[in-house]
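Asker:
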Amino acid sequence: QVQLVESGGGLVQPGGSLRLSCAASGFIFSRYVMRWYRQAPGKERELVAASTSAGGSTNYADDSVKGRFTISRDNAKNTVYLQMNSLKPEDTAVYYCNARISQKDYWGQGTQVIVSS
Numbered sequence: 465q466v467q468l469v470e471s472g473g474g475l476v477q478p479g480g481s482l483r484l485s486c487a488a489s490g491f492i493f494s495r496y497v498m499r500w501y502r503q504a505p506g507k508e509r510e511l512v513a514a515s516t517s518a519g520g521s522t523n524y525a526d527d528s529v530k531g532r533f534t535i536s537r538d539n540a541k542n543t544v545y546l547q548m549n550s551l552k553p554e555d556t557a558v559y560y561c562n563a564r565i566s567q568k569d570y571w572g573q574g575t576q577v578i579v580s581s
């Protein structure tokens, strides 16, 4: 079965960095677009970034993360990453990994990121 397991979240001061990882299994990882979403308290889940199957193209849904967040993937390790730099308090959220397979969305359990001094 499809499994997505996120890790790497935590508490970080403003201006700091974190690298999130999402380990995937149960499907042919290299064939699918992988996405990172986030959900802040009291807000809807929003798309943060997406990586095409070959990793050659990335999309960032919100201008607020462009230039600070970088999505990447290692198809040999079935893992997608989200490098987050210059973190701001408004980046505080639960971050989720997503794969859409046969028109069905699969999600990990999420990893909490808290940006606070």
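Numbering (the numbering used here), first residue to last: 465 to 581.
For each residue, glycine too, the CB sits at the ideal point set by N, CA and C.
#1: Can we say the segment 492-499 touches the segment 508-516, given the rule of at least three CB pairs closer than 8 Å?
#2: Would you check if there are 3 or more beta carbon pairs closer than 8 Å linking the segment 466-473 to the segment 521-541?
#3: Nearest by alpha-carbon distance to serine 494: which of Ala504, Arg537 and Gly506 is it?
#4: Using a Cβ-Cβ cutoff of less than 6 Å, which residues in the same chain neighbour isoleucine 492 once the five nearest sequence positions on both sides are dropped?
#5: To the nearest angstrom, how far is the alpha carbon of arginine 532 from that of asparagine 549?
#6: Rounded to the nearest angstrom, what separates threonine 522 and leucine 546 at their Cα positions?
#7: Could you pull out every unbroken alpha helix (DSSP H) segment of at least 4 residues lying fully inside the segment 496-559, listed in chain order?
#8: Since glycine 490 is in the beta strand (DSSP E), which residue starts that stretch and which ends it?
#9: Excluding the 5 residues flanking aspartate 555 on each side, which residues of the same chain have their C-beta closer than 6 Å to its C-beta?
#10: From the DSSP secondary-structure annotation, give me the bridge partner or partners of valine 469.
#11: For tyrosine 559 and threonine 575, which I take to be in contact (beta-carbon distance under 8 Å), what is that distance rounded to the nearest angstrom?
#12: With a threshold of 16 other CB atoms inside 10 Å of the CB of arginine 564, please say whether the residue is buried or exposed.
Answerer: So, from the data block:
#1: yes
#2: no
#3: Residue 494 sits at position 30 when you count from the first residue of the sequence shown. Out of Ala504, Arg537 and Gly506, Arg537 has the C-alpha closest to the C-alpha of serine 494.
#4: Counting from one through the sequence shown, the residue named residue 492 turns up at place 28. Excluding positions up to five away in sequence, the list is empty.
#5: Stepping through the sequence shown from its first residue, residue 532 is reached at position 68. Stepping through the sequence shown from its first residue, residue 549 is reached at position 85. For arginine 532 and asparagine 549, the distance between alpha carbons rounds to 5 Å.
#6: Taking the first residue of the sequence shown as 1, we reach residue 522 at position 58. Taking the first residue of the sequence shown as 1, we reach residue 546 at position 82. Near 11 Å, if we compare the C-alpha coordinates of leucine 546 and threonine 522.
#7: none
#8: Residue 490 sits at position 26 when you count from the first residue of the sequence shown. Careful: glycine 490 lies outside any beta strand (DSSP E) and carries neither H nor E.
#9: The residue given as residue 555 occupies position 91 in the sequence shown. These residues qualify, in order along the chain: Val579.
#10: Within the sequence shown, residue 469 is the residue found at index 5, counting from 1. Bridge partners of valine 469: Ala487.
#11: One-based indexing of the sequence shown puts residue 559 at position 95. One-based indexing of the sequence shown puts residue 575 at position 111. Their Cβ separation, rounded to whole angstroms, is 5 Å, which keeps tyrosine 559 and threonine 575 in contact under 8 Å.
#12: As a working mapping, residue 564 is identified with position 100 in the sequence shown. The residue is exposed, with fewer than 16 neighbouring Cβ atoms inside 10 Å.
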